[in-house]
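Remarks on the structure that follows.
In my numbering, the protein residues as written are 1 to 150.
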């Protein structure tokens, strides 16, 4: 498993798409549809990454972001994924503590690449792979095509 991801998204179709794609890539995914529910969940246990929409029922994404950074965790990686893509909203999200801000519509491959970049920088990934080359971050073992490199 690559990591635990909580997706806070009120659009059921996008939530299902993200759950399917991220699960397929090896992530454990939990989808939450409301801001207040997300805050309660995050107070209990932090995921490895939070993907956060802005336009949510109850507490909007900016409020969730502010509460997380102020009361729950300053270190939790957060990607804002939202239809609100104007410059003011992007700046607000990034200055509020988001690690990245991706406007909708989005391309899943770009989201995955940005997630992996965050995990790589924070040392969260156990294994990093590119084509046939794979590096185990715990053992520092390198394999090419599944065969160890000496």
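Cβ atoms here follow ideal geometry from the backbone N, Cα and C, with glycine treated the same way.
In DSSP terms, what residue i is bridged to
i           : result
residue 151 : Residue 151 is absent from the model: the chain starts at 1 and stops at 150.
residue 5   : 29, 49
residue 23  : Paired residues: none, contrary to the question.
Chain-order list of residues whose beta-carbon lies under 6 angstroms from that of residue i (same chain, five-residue window excluded)
i           : result
residue 77  : 49, 99, 118
residue 174 : Not covered by the structure: residue 174. The range shown for the chain is 1 to 150.
Status (buried if at least 16 other CB within 10 Å, exposed otherwise) for residue i
i           : result
residue 101 : buried
residue 26  : exposed
residue 141 : exposed
residue 30  : exposed
residue 2   : buried
residue 133 : exposed
residue 61  : buried
residue 47  : buried
Nearest candidate by alpha-carbon position, reference residue i, set the options
i           : options           : result
residue 139 : 131, 132, 148     : 148
residue 17  : 141, 116, 86, 112 : 112
residue 108 : 10, 4, 23         : 23
residue 8   : 34, 21, 20, 19    : 34
residue 79  : 43, 87, 116       : 116
residue 106 : 53, 47, 4         : 53
Cβ shell of residue i (< 7 angstroms), same chain only, five flanking positions each side left out
i          : result
residue 41 : 6, 32
Other residues of its chain near residue i: CB distance less than 8 angstroms, five sequence neighbours each side excluded
i          : result
residue 19 : 7, 29, 31
residue 66 : 96, 97
> In chain order, which beta strand (DSSP E) runs of at least 3 residues are fully inside the stretch 37-92?
Replying inline: Listed in chain order, the complete beta strand (DSSP E) runs (minimum 3 residues) inside the stretch 37-92 are 49-52, 78-82.
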